[in-house]
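Heads up: the sequence lines are chains A and B, in that order.
Under UniProt numbering, think of the first position of the first sequence as 1, with each following residue one higher.
Under UniProt numbering, think of the first position of the second sequence as 1, with each following residue one higher.
Don't be surprised by glycine CBs; every beta carbon is placed ideally from N, CA and C.
Here the structure comes first, spelled out in structure tokens, and everything after it is commentary.
There are 2 protein chains.
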Amino acid sequence: MASNSSGGGSSDRQRIAQQRLSRIAGHLQRPADGSSAIVAAECKAQGSRADVPGEEKTVPRRRQEVMKWNGWGYSDSRFFFNKKGQAEFTGKRYRLSGLIIPGLKDWFEGTFGASLQHKTPATPILNSSAVQPPNLNEAFVEEVKSAGIPFSHDAEDRVFRAHGHCLHEIFALREGKFGRVPDLVVWPNCHNDVVKIVELACKHNVCLIPYGGGTSVSSALECPPEETRSIVSLDTSQMNRILWIDEKNLTAHVEAGIVGQDLERLLNESGYCTGHEPDSMEFSSLGGWVATRASGMKKNIYGNIEDLVVHVRMVTPQGVIEKGCQGPRMSTGPDVHHFIMGSEGTLGVVTEVTMKIRPMPEYQKYGSVVFPNFEQGVACLREVAKERCAPASIRLMDNEQFKFGHALKPQVSSIFTSFLDGLKKFYITKFKGFDPNRLCVATLLFEGDREKVLQHEKQVYDIAAKFGGLAAGEDNGQRGYMLTFVIAYLRDLGMDYYVIGESFETSVPWDRVLDICRNVKARIIRECKDKGVQFSPLSTCRVTQTYDAGACVYFYFAFNYRGLSDPVHVYEQVEHAAREEILANGGSLSHHHGVGKLRKEWMRETVSKVGMGMLKSVKDYVDPNNIFGNRNLL
Amino acid sequence: MASNSSGGGSSDRQRIAQQRLSRIAGHLQRPADGSSAIVAAECKAQGSRADVPGEEKTVPRRRQEVMKWNGWGYSDSRFFFNKKGQAEFTGKRYRLSGLIIPGLKDWFEGTFGASLQHKTPATPILNSSAVQPPNLNEAFVEEVKSAGIPFSHDAEDRVFRAHGHCLHEIFALREGKFGRVPDLVVWPNCHNDVVKIVELACKHNVCLIPYGGGTSVSSALECPPEETRSIVSLDTSQMNRILWIDEKNLTAHVEAGIVGQDLERLLNESGYCTGHEPDSMEFSSLGGWVATRASGMKKNIYGNIEDLVVHVRMVTPQGVIEKGCQGPRMSTGPDVHHFIMGSEGTLGVVTEVTMKIRPMPEYQKYGSVVFPNFEQGVACLREVAKERCAPASIRLMDNEQFKFGHALKPQVSSIFTSFLDGLKKFYITKFKGFDPNRLCVATLLFEGDREKVLQHEKQVYDIAAKFGGLAAGEDNGQRGYMLTFVIAYLRDLGMDYYVIGESFETSVPWDRVLDICRNVKARIIRECKDKGVQFSPLSTCRVTQTYDAGACVYFYFAFNYRGLSDPVHVYEQVEHAAREEILANGGSLSHHHGVGKLRKEWMRETVSKVGMGMLKSVKDYVDPNNIFGNRNLL
């Protein structure tokens with residue numbers, strides 16, 4: 001059935017292409033020799049199977065060669081406390097790399113009641129013999145081999161793809177514990193390879209779990225423990241080419257395994273960008289963005305994934321789904337792109353995407369504004385949204401996060417710079433009367449035409465002034481955004497010293513923002529106390545995106561679990577209560593992280609019983625045998 | 001089943017509301033008397049059943065009292081040729097009303113080879129006895145009556161709702177011919193009435209066809225002739241209240257039967273607008289916009305319907321579908337709003353919508369630009385799109401439409417104004433060397449903050465100048481937009497004199513715009529010749545919306561059918577060929593008119609076999625007995 005459909009899909013396209021070309025041919029002058037055959041030749045990129053020799057893939061097949069097997073990001077980059085008790089960040093990849101962060105220790109110990117004497121190191125090496133032997137479907141493996149598709153059932157490769165980055169997943173890995181892991185990993189090189197793999201999976205009844213960047217924080221990648229069939233991790237990382245850039249239409253057609261940093265880097269070489277910059281962009285993939293309805297930092301200019309996508313191809317057990325044209329906007333029934341976006345790996349594998357691209361901005365400018373309190377800051381962001389003059393990015397952090405950000409300041413070599421810092425601090429607190437325990441900071445990023453940026457900047461700062469906001473310089477802004485990429489490494493540091501934590505997010509109408517921030521943070525603190533947490537938790541938030549009708553609010557929650565027998569269970573109870581609180585206060589189930597398995601229980605409340613039925617009916621049609629069995633969403 | 005589901009839906013909401021309130025109550029200070037019960041009371045608007053006495057509904061139940069039964073729009077407004085052979089427009093509703101249009105006759109006769117001597121008047125009165133007696137489901141009617149819901153099986157009411165405004169539909173009516181018509185018309189007053197009607201329809205197995213503005217041009221409203229059950233037209237026009245305006249979140253919660261002109265008028269009273277202005281806005285309804293993925297003239301500022309909608313309620317045979325919150329943007333699986341939008345009446349009835357509203361613009365300014373030729377005009381629009389500086393509206397018409405617009409100029413009373421016109425013409429043609437048979441015009445509308453509008457205007461005219469464009473004044477722009485609302489009345493005039501025609505549209509990537517315009521217009525002319533049309537047709541287009549990745553192109557096609565035995569059939573063949581040509585050239589099946597029954601045959605090519613299967617699976621789940629049996633889309 002699958003093979004007919006896939007084959008049918010391809011010959012369908014061939015037939016339609018041929019029809020179209022013959023119609024267009026009617027307009028062309030016929031060549032003198034009477035030959036008027038126009039053939040619909042298959043695109044070169046389709047045919048090419050060979051890896052380009054010598055071309056380094058950013059994401060190697062054996063990811064564990066560059067990335068941590070039990071924590072976030074690159075192996076060569078991590079926080080640690082040196083002999084002097086100062087925090088350092090290793091490696092050479094980040095602006096923070098090789099620098100000393102003198103204030104982190106005091107902040108860490110003070111905030112969590114932690115001590116550098118109380119250590120909880122991770123299991124350093126993956127013990128392969130602790131991993132279940134693979135449950136291979138031999139017939140499937142044979143056919144994959146014959147098809148020339150690379151594969152592995154090596155324990156390290158399988159463990160690497162058995163998880164995302166939820167707390168419980170990383171905690172377990174650090175303990176050297178493994179649940180159900182994939183039995184096989186396959187690396188398709190192009191769309192046609194994926195068609196073949198899906199065909200074979202249907203034929204032999206194996207469970208396929210697509211794997212892009214592996215950055216899920218919704219337990220989406222967890223292998224269902226009840227799955228008895230062979231589980232195959234379909235790793236898209238080698239399917240990462242930009243097939244073409246269309247400068248006339250400002251689009252690019254890209255294979256879905258490409259990761260954000262590569263997509264931008266490659267487009268930049270031609271003077272373009274997508275501008276899609278989720279915090280996970282170093283590792284997350286285009287296919288993953290489509291599957292999870294990703295949002296990017298600069299969505300105010302470039303849009304979220306649903307605004308960026310012009311065309312998508314997804315391979316399903318029923319065949320390939322794709323629209324028949326690249327029109328910018330259509331009314332052709334319910335938009336099937338929206339059946340694909342958000343499907344979280346339950347319906348098929350996204351293989352190729354046409355995305356909008358933009359010329360790279362001429363000019364970029366960071367900024368920051370200090371507000372006397374969070375309420376004023378939110379009111380300012382609401383006004384900026386109402387006037388529809390938001391910069392590329394504008395984020396407001398609460399007082400806790402301001403202090404957190406302050407603690408992450410690298411040691412400055414210049415006496416002058418720290419003198420300036422001191423001056424600023426004096427000015428803001430003593431002279432302007434801002435209470436250091438109530439003030440909060442908004443970070444801003446403007447980009448575009450230089451003149452327009454400066455005009456725009458003035459407009460935003462004028463609005464900020466109406467709400468008691470004080471411009472606090474580019475440095476603070478730039479640092480705020482730079483820290484975005486290293487924050488995830490901090491959790492691993494925390495977990496070395498009994499501190500566990502997570503971020504979670506929501507979207508909410510404007511008039512609910514303050515209540516949600518206050519109530520959720522208060523609820524977290526109450527629940528921690530109730531559940532016996534010995535130390536006050538970190539419970540903090542920021543308004544991280546603005547929209548016409550509301551905002552995205554991002555929470556950090558972390559605590560010192562020393563003295564608890566089952567810290568992960570306590571964590572999960574508190575997180576659950578926090579989500580109940582969010583929903584009660586009018587917030588959504590998720591702005592961009594998605595549902596996965598972590599938030600399934602609230603799906604009915606979120607989309608209604610009829611909505612659930614619709615989603616289920618699509619799943620039952622597209623994938624009746626649950627080949628795409630990650631069991632997300634429903 | 002349906003009654004359980006609907007009842008279940010309502011008690012679901014009650015239960016969830018109660019849960020949420022009790023959670024929030026945890027944060028409130030308890031009153032001294034210890035009473036802490038917070039009750040989830042049903043919204044007042046829900047309970048209210050009575051019509052407000054004396055409140056005029058813009059759309060009366062008996063629509064034929066104000067609107068034509070066999071043509072477009074208001075009965076009191078029509079074009080006609082007076083004794084002197086000058087065109088006039090009757091009534092008092094429009095700017096054009098009561099004015100003489102001296103140039104129209106010559107243009108009409110010249111363009112179509114028509115003659116005012118050759119008349120084909122419409123059947124003036126509806127012959128009720130020519131209408132089939134209603135096929136009533138007596139049990140259904142009884143229960144509707146007991147529920148207190150107004151209904152009618154009067155022939156006039158039924159015929160009125162048996163059609164949209166496709167050419168073949170109006171042509172038939174003018175001949176006094178009727179196909180299958182609804183057997184009963186019902187007028188729900190609110191969401192709960194709709195729930196009751198759908199429940200009863202499922203119980204008694206009647207076919208429900210939702211009826212909003214009746215402006216469909218996709219044969220969506222046509223009653224399927226093979227339908228043997230009783231067909232009930234569910235007219236939403238009396239369900240048209242703004243339930244609340246939320247100034248904090250800039251949203252309004254509105255009943256879906258409201259028509260565009262009322263929605264804007266009522267919001268304007270509070271200083272707001274939605275800014276959604278489809279050409280049909282005098283008559284089309286909010287529910288219809290949602291069901292067909294409508295687009296509005298000023299989408300560059302306000303967005304299309306998918307950008308405007310924050311929350312939707314739709315009543316289906318399985319129950320009510322609606323999301324659980326009003327967050328501005330979410331990642332909670334595939335977006336179920338996109339299963340509703342574009343469903344074209346096949347899944348249920350949209351009853352209430354939360355839409356974004358904006359403060360009314362401070363300032364509005366029209367404009368126009370003359371280009372030496374269409375190619376330059378398109379290149380200019382493409383550049384404006386690339387720089388992302390499009391005005392609220394920018395439209396480029398081809399030379400034919402420019403001449404058409406010119407022919408619609410009302411007689412000017414002022415000698416000075418016609419002197420100015422003459423001067424402009426001289427300047428443009430003789431002085432600047434524009435060829436009157438190649439030049440074309442773009443009309444523009446700016447709105448917003450006055451200072452910004454003037455800046456914006458300068459930016460756009462500067463770009464236009466790079467492409468040889470010459471500013472041609474506000475009047476031409478304003479007139480272009482004003483004509484938008486009277487164009488539909490012109491077809492009725494044409495049909496009085498052997499001329500039939502239609503508009504159709506597409507969306508297409510930028511690099512295909514010129515080819516599509518040229519090829520489709522040429523194809524129309526060729527096909528007309530092939531099919532024996534005796535006179536050259538009008539075959540004209542305009543670029544009517546710009547997007548990042550392409551544009552919307554709108555075609556007018558009309559011809560003199562004198563001498564043809566089956567003019568509608570010839571028309572349909574040419575339209576079919578035009579759509580094939582559009583698709584072959586990379587255009588979409590529709591930008592905003594939708595699919596209905598008219599374009600079903602191309603759905604598979606449009607969304608692929610798997611996409612069709614997804615849509616069908618949703619339909620089969622939501623409406624297994626095809627209660628919503630208009631047979632659109634699939």
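Ranked by Cα distance from ARG15(B), the first of HIS165(A), ALA584(A) and GLU222(A) is ALA584(A). Only those residues of the region 278-291 of chain A whose C-beta falls short of 9 Å from the nearest C-beta of chain B would be listed, and there are none. Nearest neighbour of LEU347(A) by Cα position, chosen from VAL622(A), GLY333(A), PRO567(A) and ALA17(A), turns out to be VAL622(A). Note that the C-beta distance between VAL315(B) and ALA472(B) is not below 7 Å.
Nearest to TYR366(A) by alpha-carbon distance, out of GLN401(A), GLU375(A) and GLN478(A), is GLN478(A).
Rounded to the nearest whole angstrom, the CA to CA distance from ARG313(A) to CYS190(A) is 12 Å. Bounds of the beta strand (DSSP E) holding ASN560(B) are 550-560. Around the beta-carbon of PHE80(B), fewer than 16 other beta-carbon atoms lie within 10 Å, marking it exposed.
In chain order, GLU580, GLU581 and ALA584 make up the part of chain A whose C-beta sits under 7 Å from the C-beta of ARG23(B). Scanning the region 172-231 of chain A for uninterrupted alpha helix (DSSP H) segments of 4 residues or longer gives 191-204, listed from N- to C-terminal end. Looking from the CA of CYS166(B), the closest CA among ILE500(B), GLU142(B), LYS531(B) and LEU634(B) belongs to ILE500(B). Here DSSP, grouped into helix, strand and coil, assigns TYR547(B) to coil. Approximately 6 Å separates the beta-carbon atoms of TYR272(A) and MET360(A); this is inside 8 Å, confirming the contact.
Nearest CB-CB separation between VAL453(A) and chain B: not below the 7 Å threshold.
Interface annotation, PHE559(B): not in contact with chain A, CB-CB separation never under 7 Å.
With the rule of 3 Cβ pairs closer than 8 Å, the region 66-83 of chain A counts as touching the region 488-503 of chain A. Out of SER280(A), PRO410(A), PRO150(A) and CYS207(A), the CA that lies nearest to the CA of PHE628(A) is found in CYS207(A). The Cβ-Cβ distance between VAL349(B) and VAL513(B) does not fall below 7 Å. Residue pairing of MET297(A) in beta bridges, as defined by DSSP: absent, with no partner found. Within chain A, the C-beta atoms nearer than 9 Å to that of ASN249(B) come from PRO509, TRP510, ASP511, ARG512, ASP548, ALA549 and GLY550, in chain order.
Contact annotation for ARG329(B) against chain A: ASN304, SER507, TYR547 and HIS591 [CB-CB distance below 7 Å, chain order].
Rounded to whole angstroms, GLN132(A) and VAL141(A) show a C-alpha spacing of 18 Å. The three-state reading of DSSP puts TRP107(A) in helix, counting H, G and I together. Cβ-Cβ separation between TYR554(B) and SER503(B): approximately 6 Å, consistent with a contact (criterion under 8 Å).
Taking a Cβ-Cβ cut-off of 7 Å, the neighbours of HIS338(B) in chain A comprise PRO334, ASP335 and HIS338, given in sequence order. The beta carbon of THR443(B) does not come within 7 Å of any beta carbon belonging to chain A, so the residue lies off that interface. Close to chain B, meaning a Cβ-Cβ distance shorter than 9 Å, is no residue of the region 170-198 of chain A at all. Contact between GLN318(A) and GLY333(B) does not hold, since their C-beta atoms are separated by about 19 Å, which reaches or exceeds 8 Å. The C-beta of LYS529(B) has fewer than 16 other C-beta atoms within 10 Å across all chains shown, which makes the residue exposed. In this structure GLY176(A) is not in contact with GLY214(A), their Cβ atoms being roughly 19 Å apart against a cut-off of 8 Å.
Here GLY586(B) is buried. Its C-beta has 16 or more other C-beta atoms within 10 Å.
Closer than 7 Å to the CB of TYR363(B) there is not a single CB belonging to chain A. Per DSSP, LEU243(A) lies in no alpha helix (DSSP H); the unbroken beta strand (DSSP E) holding it starts and ends at 242-246. Within chain A, LYS609, VAL610 and GLY613 have C-beta atoms less than 8 Å from the C-beta of GLN318(B), given in sequence order.
Against chain B, a Cβ distance below 8 Å from ASP620(A) picks out SER617.
Under the three-state reduction of DSSP output, MET614(A) falls in the helix class.
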